[in-house]
Amino acid sequence: MKIILNLFLLFIGTNVQTWAVSVVPTKPVVCGQCDPGKCPMTSDKECLAGLSLDACGCCQVCAQRERELCDHPDAPSAKKYGSCGENLQCRIRPEVKTHQEALCECNDQIELCGSDGKTYRNYCHLMESAKLAKAEQQPIIKVYKRKPCDSPPEITVPPVNVVNQTGSNVFLTCEVAGVPLPVVEWIYQPSAGKTIVYPTDDDRISTLVRGGPNAHVLTSWLQIQTLQNTDQGVYTCIATNALGKAEKTAYVQVETRRDL
Ligand SMILES: *[C@@H]1O[C@H](CO)[C@@H](O)[C@H](O)[C@H]1NC(C)=O
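In short: position in the sequence shown from 1, add 1495, done, that's the working numbering.
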């Protein structure tokens, strides 16, 4: 009786083991006969970059989106990422030298203005927002123009208050953003006396402008050389374009250097 029971347990044991092995396949996935009826439901609505076919070319799955990893013949990978969606191409990332990776990149890389008044870094980015808006039953988003949207000036880095001694050099910095690019002026309001608008032809106090750090941004500096007591006061950076005006002020405090 005991032997029979043991045999019975052994039988169940082996059965459980075989079952477990069949659940976790050790062999790579082999594409069988394609039966579209057995594919999981994937709706185009939930895929921001549209649909593509799975590794077996059978079922529709969400395509990879912009900046997501993708399968590229020259970047073999153990993992399958899938292919890129609409308006995207799979490109090798040149900066990853050791193990090559490929990312989905938009075919149209020009900055665009959407009908929602927002600037999109490229066409694919706009199309993703358009798809989301549609799914959420919000107003449709289309390309309004193939340029960034116009925007009023914004002071992204304002000038800061400075305390320095007479004879020193002082820089005030003002970083502004806007489309079209704003024009920057500096205004000096002394503690007593008339307001001055820079740039002027004064070569002790000058302005300097440079584009960047990125597009639609510029940086303006007001440089005060050999600081004098009469330079003390409020300095205002004023950025203007067709859509408006922005301004920020900083205070320059002058301390008299004793050892002069
Ligand atoms: C103060 O003046 C010195 C000497 O010209 C200069 O090196 C320094 O950057 C100035 N400090 C500020 C906060 O402007």
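In this text, a Cβ means the ideal position worked out from N, Cα and C, and glycines have one as well.
The structure presented is a predicted model; accordingly, all values stated were derived computationally and were not measured.
Determine the closest residue to residue i out of the options, with distance taken between C-alpha atoms.
i	options	result
Thr1614	Gln1595, Gln1633, Ser1646, Asn1736	Ser1646
Ser1701	Val1679, Cys1585, Gly1532, Cys1619	Val1679
Ala1630	Ser1538, Val1749, Asp1726, Gln1723	Ser1538
Val1556	Glu1541, Gln1632, Asp1569	Glu1541
Thr1460	Gly1706, Tyr1683, Ala1687, Gly1688	No statement about residue 1460 is possible, as the shown extent of the chain runs from 1496 to 1755 and does not include it.
Leu1738	Cys1553, Met1622, Pro1648	Pro1648
Gln1595	Cys1601, Asp1603, Cys1585, Gln1604	Cys1585
Glu1561	Cys1601, Glu1606, Ala1741	Cys1601
Cys1619	Asn1582, Glu1590, Ile1587	Asn1582
Asn1617	Glu1563, Ser1624, Asp1603	Asp1603
Thr1751	Gln1723, Glu1742, Asp1697, Lys1740	Gln1723
Glu1623	Asp1754, Gly1545, Ala1710	Gly1545
Do residue i and residue j have their CB atoms nearer than 9 Å?
i	j	result
Ala1597	Gly1580	no
Thr1735	Pro1654	no
Thr1651	Val1712	yes
Val1749	Thr1714	no
Thr1721	Gly1688	no
Val1674	Pro1643	yes
Ser1578	Asp1566	yes
Tyr1746	Leu1717	no
Leu1543	Lys1640	no
Asn1664	Ile1719	yes
Tyr1576	Glu1563	yes
I think residue i touches residue j, with their Cβ atoms under 8 Å apart; what is that distance to the nearest whole Å?
i	j	result
Cys1732	Trp1681	6 Å
Tyr1730	Leu1676	Not quite, the Cβ-Cβ distance comes to about 21 Å (not below 8 Å), so this is no contact.
Ser1686	Gln1727	6 Å
Cys1554	Cys1526	Not a contact, Cβ separation roughly 11 Å.
Can you tell me where the alpha helix (DSSP H) with residue i in it begins and where it stops?
i	result
Lys1743	Run containing Lys1743: none in the alpha helix (DSSP H); it sits in the beta strand (DSSP E), 1739–1750.
Ser1624	1618–1630
From what residue to what residue does the beta strand (DSSP E) around residue i run?
i	result
Cys1599	1597–1601
Ile1650	1646–1652
Glu1680	1678–1685
Ser1610	Looking at the DSSP string, Ser1610 is not in any beta strand (DSSP E), and its letter there is neither H nor E.
Ser1538	Looking at the DSSP string, Ser1538 is not in any beta strand (DSSP E), and its letter there is neither H nor E.
Leu1722	Run containing Leu1722: none; DSSP gives neither H nor E here.
Lys1640	1638–1640
Ala1672	1665–1674
Residue i CB to nearest chain C CB: under 9 Å?
i	result
Thr1702	Of the chains in the structure shown, none is chain C; there is only one protein chain.
Per the contact definition of three or more C-beta pairs closer than 8 Å, is the region 1528–1536 in contact with the region 1547–1562?
-> Touching, yes, given that three or more Cβ pairs across the two stretches are closer than 8 Å.
Touch test, the region 1634–1642 against the region 1601–1620, Cβ-Cβ under 8 Å, three pairs minimum = Yes, the region 1634–1642 is in contact with the region 1601–1620.
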